[in-house]
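Sequential numbering of the sequence shown, starting at 5, is according to my numbering.
Have a look at the structure below, then the notes.
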Amino acid sequence: MPKPYHNESTNLIYNLLFCDSIGLYRRSASQTNQYPWSILMADTSDVADLRKIIDDEKTESRMKILAYNLLREGGQNVNTKELHGVIVEVGIDAGLDVLASFRDGSARYINHTGKMVIWETSNNTSEALITQLFNASANIVKQIGPWDKPRRPHPSRGVVRITFLVSDGLYFGEGPIAALFNDALAGPALMSATKLMQYLTENVVNAQ
Numbered sequence: 005m006p007k008p009y010h011n012e013s014t015n016l017i018y019n020l021l022f023c024d025s026i027g028l029y030r031r032s033a034s035q036t037n038q039y040p041w042s043i044l045m046a047d048t049s050d051v052a053d054l055r056k057i058i059d060d061e062k063t064e065s066r067m068k069i070l071a072y073n074l075l076r077e078g079g080q081n082v083n084t085k086e087l088h089g090v091i092v093e094v095g096i097d098a099g100l101d102v103l104a105s106f107r108d109g110s111a112r113y114i115n116h117t118g119k120m121v122i123w124e125t126s127n128n129t130s131e132a133l134i135t136q137l138f139n140a141s142a143n144i145v146k147q148i149g150p151w152d153k154p155r156r157p158h159p160s161r162g163v164v165r166i167t168f169l170v171s172d173g174l175y176f177g178e179g180p181i182a183a184l185f186n187d188a189l190a191g192p193a194l195m196s197a198t199k200l201m202q203y204l205t206e207n208v209v210n211a212q
């Protein structure tokens with residue numbers, strides 16, 4: 005498990021953002037006997053139950069991603085390409101800044117100091133910013149393919165990475181900060197993410 009922060013609980017929250025380890029969720033979930041956890045945490049997941057989570061409009065984006073991952077791990081074909089999460093990591097001199105945005109309107113921002121903003125509400129401004137970010141990100145996803153190896157360690161200093169949590173797998177692109185911000189494809193997504201991060205930090209719902 006990558007550990008970009010000094011605090012272990014912050015590292016756990018960071019890794020949970022990627023929804024690529026049901027084991028980490030088993031460690032952190034408190035109500036595993038309730039829907040949808042009762043399905044996601046089962047020793048063997050029924051395909052119909054997992055698809056119920058995916059089709060449920062009230063289910064959080066991260067739960068849908070977990071369900072899609074379990075389907076694929078179980079040998080089921082996922083023919084859709086639905087974008088459910090966008091994570092931007094920026095390696096700076098002082099550490100790692102991370103913004104995670106999800107289709108359901110929720111978001112997380114982890115500052116390089118380990119301080120955190122948790123956004124679980126929704127308003128016209130945040131919805132517009134997240135929609136802008138997802139539209140720009142969808143253009144990138146169309147041009148690249150899923151990563152078929154374990155998730156890479158967090159980016160080093162001077163590197164920015166955009167990770168896309170898609171129904172058929174994890175996609176990502178990375179490169180030098182200046183180069184990607186000026187890239188015709190990646191630039192609009194990164195600028196949208198920057199605007200969202202600024203809005204979240206100015207309108208904190210829950211800060212740690």
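From the three backbone atoms N, C-alpha and C, an ideal C-beta is built for every residue, glycine too.
So, at 8 Å on beta carbons, what are the nonlocal neighbours of residue i in its own chain, with the 5 sequence-adjacent residues on each side left out?
i	result
ASN19	MET5, PRO6, SER25, LEU28
PRO192	ALA140, ASN143
VAL145	LYS85, LEU87, PHE168, VAL170, TYR175
SER32	LEU16, LEU20
Near residue i, what residues of its chain come up, given a Cβ to Cβ distance below 6 Å and the 5 sequence neighbours on each side ignored?
i	result
LEU74	SER49, LEU54
ARG66	CYS23
LEU44	LEU70
ILE148	TYR175
Look at the alpha carbon of residue i and the alpha carbon of residue j, and state the distance between them as a whole number of angstroms.
i	j	result
PRO8	ASN15	7 Å
GLY173	ASP152	8 Å
VAL163	ILE91	14 Å
GLU131	GLY109	6 Å
ASP59	TRP41	15 Å
GLU64	ALA46	18 Å
THR198	ILE57	31 Å
ALA190	LEU184	6 Å
THR36	ASN128	33 Å
ARG30	LYS68	16 Å
If we call anything under 8 Å between Cβ atoms a contact, is residue i one with residue j?
i	j	result
GLU168	SER141	Correcting the residue type first, residue 168 is Phe in the shown sequence and not Glu. Contact flag set, yes.
SER171	VAL82	yes
TYR39	LEU133	no
HIS88	ARG107	yes
MET201	LEU137	no
GLU178	ARG165	yes
Can you list, in chain order, the residues of its chain whose CB lies under 7 Å from that of residue i, leaving out five sequence neighbours each side?
i	result
HIS116	ILE96, ALA98, GLY99, LEU100, ASP101
HIS158	PRO6, PRO8, GLU93, LEU100
ARG155	PHE22, ASP24, LEU174
Among all the DSSP beta bridges, which residues are the ones paired with residue i?
i	result
GLY177	ILE166
SER105	VAL90, ALA111
TRP151	LEU174
ILE96	GLY99
Exercise. Decide yes or no for the touch test of the stretch 116-129 against the stretch 199-208: beta carbon pairs closer than 8 Å, at least 3 of them.
Key: yes
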